[in-house]
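Colleague: Have a look at this one.
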Amino acid sequence: MNNKLRVLRAERKMSQAELADLLDVSRQTVNAVEAGRHDPSLSLAFRFAVIFDQPVEEIFLGIDEARNALQLSDQTTDRGI
Amino acid sequence: MTNENDNNARPRNWFGALKWEGMRAKDRANEKRANSYAFAWVGLLVAANFLRQLDIVPELAALGLVLASTIPGALFVKAYLKMLREADEMLRQMQYEALAVGFGAGALCGLTALFLFPPGPIWGFSTLIPMVIGFCVRVILAGRKIAQESSANEESDGAGK
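For the record, the sequence lines run as chains A and B. Residue numbers for the first sequence follow the working numbering, so the first one is 27 and each next one is one higher. Residue numbers for the second sequence follow the working numbering, so the first one is 4 and each next one is one higher.
Right under this line is the structure:
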């Protein structure tokens, strides 16, 4: 899953180890999520969102993809799916 | 920052990968507990078998020892479940995959032996041994891969301290 965790972390000048400590996960988990090799659980995704103070969909999809996903969601709602 | 995690340590060799540097202190403690029960369980089984073969203790006592080994066995299962429930996400995924590989290897070899060999102890061994080996090999290889990728990414990232 695409995400901008590396950028957000760099902006805050945090190491993976420091972020892992804040999230109560291993550094390997932070690393794998950042690299897109592991999709985080819902709980972990929300913890990322709280720490970086951004919505989950913006962190993990990027704003354009998030908009597209929301439009798709609106279309399916309109069609009563 | 807390100092509970061993997050700054990086694996440099096979032993480092086996230890999976960066594990949380909680995971390490849970793993130690499960391993202790597993060793006690296997140790009691081996001791009971050894005593039965030497014929130096009454048969009933040796059988009692075998039955007693089920206590650390049950405690191991409980400790392993606790470890899985509380485990870090990557560690849990690694354990699930290793369980699947172990089960698959055991079923594959066991069922094959079932049709290849006449009834006998080989049926049990042909299931149990591939199961244990499959699980262990998967854990070691997955742990090493994750540790290597993680180490390489952190070093090239430049944000690590």
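For each residue, glycine too, the CB sits at the ideal point set by N, CA and C. Quick caveat: nothing in here was measured; it's all calculated off a predicted structure.
(1) Which residues, in order along the segment 74-94 of chain B, keep a beta-carbon less than 8 Å from a beta-carbon of chain A?
(2) How far does the alpha helix (DSSP H) with aspartate 58(B) in it reach, from first residue to last?
(3) Let me make sure I understand the geometry here. Which of Pro81(A), Glu60(A), Phe74(A), Val51(A) has the alpha-carbon closest to that of alanine 90(B)?
(4) Buried or exposed: where does alanine 28(B) fall if 16 or more other Cβ atoms within 10 Å of its Cβ makes it buried?
(5) Identify whether glutamine 80(A) lies in helix, strand or coil by the three-state DSSP scheme.
(6) Just mark proline 14(B) as buried or exposed, buried being the case when its beta carbon has 16 or more other beta carbons within 10 Å.
(7) Just verifying my parser: in three-state terms, what is the DSSP assignment at arginine 32(A)?
(8) Can you tell which of Glu84(A), Asn29(A), Ile77(A), Pro66(A) has the C-alpha that lies nearest to the C-alpha of methionine 40(A)?
(9) Is valine 51(A) helix, strand or coil by DSSP?
(10) Keeping to the same chain, check which residues put their C-beta closer than 8 Å to that of aspartate 30(B); ignore five residues upstream and five downstream.
(11) For the structure I just gave you, are there three or more beta carbon pairs, one from the segment 93-109 of chain B and one from the segment 120-138 of chain B, closer than 8 Å?
(12) Going by DSSP in three states, aspartate 30(B) sits in which element: helix, strand or coil?
(13) Taking 7 Å as the CB-CB cut-off, is arginine 2(B) touching chain A?
(14) In this structure, does DSSP put valine 49(B) in helix, strand or coil?
(15) Does DSSP classify alanine 58(A) as helix, strand or coil?
(16) CA-CA distance, glutamine 80(A) and leucine 87(A)?
(17) If contact means a Cβ-Cβ distance below 8 Å, which residues of the segment 58-78 of chain A contact chain B?
(18) Since proline 65(B) contacts leucine 54(B) with CB under 8 Å, what's their CB separation in whole angstroms?
(19) Cα-Cα, which of Ala43(A), Arg35(A), Leu34(A), Ser67(A) is closest to serine 154(B)?
(20) Taking all protein chains shown into account, decide if glutamate 60(A) is buried (16 or more other Cβ within 10 angstroms of its Cβ) or exposed.
(21) Residues of chain A with a CB under 9 Å from the CB of alanine 150(B): which are they?
(22) Between the alpha carbons of isoleucine 59(B) and glutamine 98(B), how many angstroms are there, rounded?
Modeller: Judging by the given coordinates:
(1) Asp91, Glu92, Met93, Leu94
(2) Taking the second sequence and counting its residues from 1, one reaches residue 58(B) at position 55. Unbroken run through aspartate 58(B): none, as it is neither H nor E.
(3) To locate residue 90(B), count along the second sequence from 1; it is residue 87. Nearest option by C-alpha distance: Val51(A).
(4) Counting from one through the second sequence, the residue named residue 28(B) turns up at place 25. In this structure alanine 28(B) is exposed. Its beta-carbon is surrounded by fewer than 16 other beta-carbon atoms within 10 angstroms.
(5) Within the first sequence, the letter at position 54 stands for residue 80(A). Under the three-state reduction of DSSP, glutamine 80(A) is assigned to coil, being neither helix nor strand.
(6) On the second sequence, residue 14(B) is found 11 positions in, with the first residue counted as 1. The predicted model places proline 14(B) with a pLDDT of 48, which falls under 50 and marks its position as unreliable; any figure quoted below should be read in that light. Proline 14(B) should be labelled buried.
(7) Looking up residue 32(A) in the first sequence gives position 6. Correct three-state label for arginine 32(A): helix.
(8) In the first sequence, residue 40(A) corresponds to position 14, counting from 1. Here the closest residue by C-alpha is Ile77(A).
(9) Along the first sequence, read from residue 1 onward, the residue named residue 51(A) stands at position 25. Coil at valine 51(A), not helix or strand.
(10) Position 27 of the second sequence, counted from the first residue, corresponds to residue 30(B). Its chain contains Met86, Glu89, Ala90, Asp91, Leu94 as the residues whose beta carbon lies nearer than 8 Å to that of aspartate 30(B), once the 5 sequence neighbours on both sides are disregarded; these appear in chain order.
(11) Enough Cβ pairs lie closer than 8 Å, so yes.
(12) As a position in the second sequence, residue 30(B) is number 27, starting the count at 1. Looking at aspartate 30(B) - three-state DSSP - the assignment turns out to be helix.
(13) Here chain B has residues from 4 to 164 only, and residue 2(B) is not among them.
(14) Here residue 49(B) is taken as the residue at index 46 of the second sequence, counted from 1. Helix, per DSSP.
(15) The residue labelled residue 58(A) in the question sits at position 32 within the first sequence. Reduced to three states, the DSSP call for alanine 58(A) is helix.
(16) In the first sequence, residue 80(A) corresponds to position 54, counting from 1. In the first sequence, residue 87(A) corresponds to position 61, counting from 1. Put simply, the backbone Cα of glutamine 80(A) is about 12 Å away from that of leucine 87(A).
(17) Within the segment 58-78 of chain A, the residues whose Cβ lies closer than 8 Å to some Cβ of chain B are Ala58, Glu60, Ala61, Arg63, His64, Pro66, Ser67, Leu70, listed in chain order.
(18) Here residue 65(B) refers to the residue found at position 62 of the second sequence. Here residue 54(B) refers to the residue found at position 51 of the second sequence. Looking at the sequence itself, residue 65(B) is alanine, so the reference to proline does not match. That pair is a contact at about 5 Å.
(19) Residue numbering aside, residue 154(B) sits at position 151 when the second sequence is read from its first letter. The option with the nearest alpha carbon to serine 154(B) is Ala43(A).
(20) By one-based count along the first sequence, residue 60(A) stands at place 34. That one is buried.
(21) As a position in the second sequence, residue 150(B) is number 147, starting the count at 1. Gln54, listed in chain order.
(22) Residue numbering aside, residue 59(B) sits at position 56 when the second sequence is read from its first letter. Residue numbering aside, residue 98(B) sits at position 95 when the second sequence is read from its first letter. About 41 Å.
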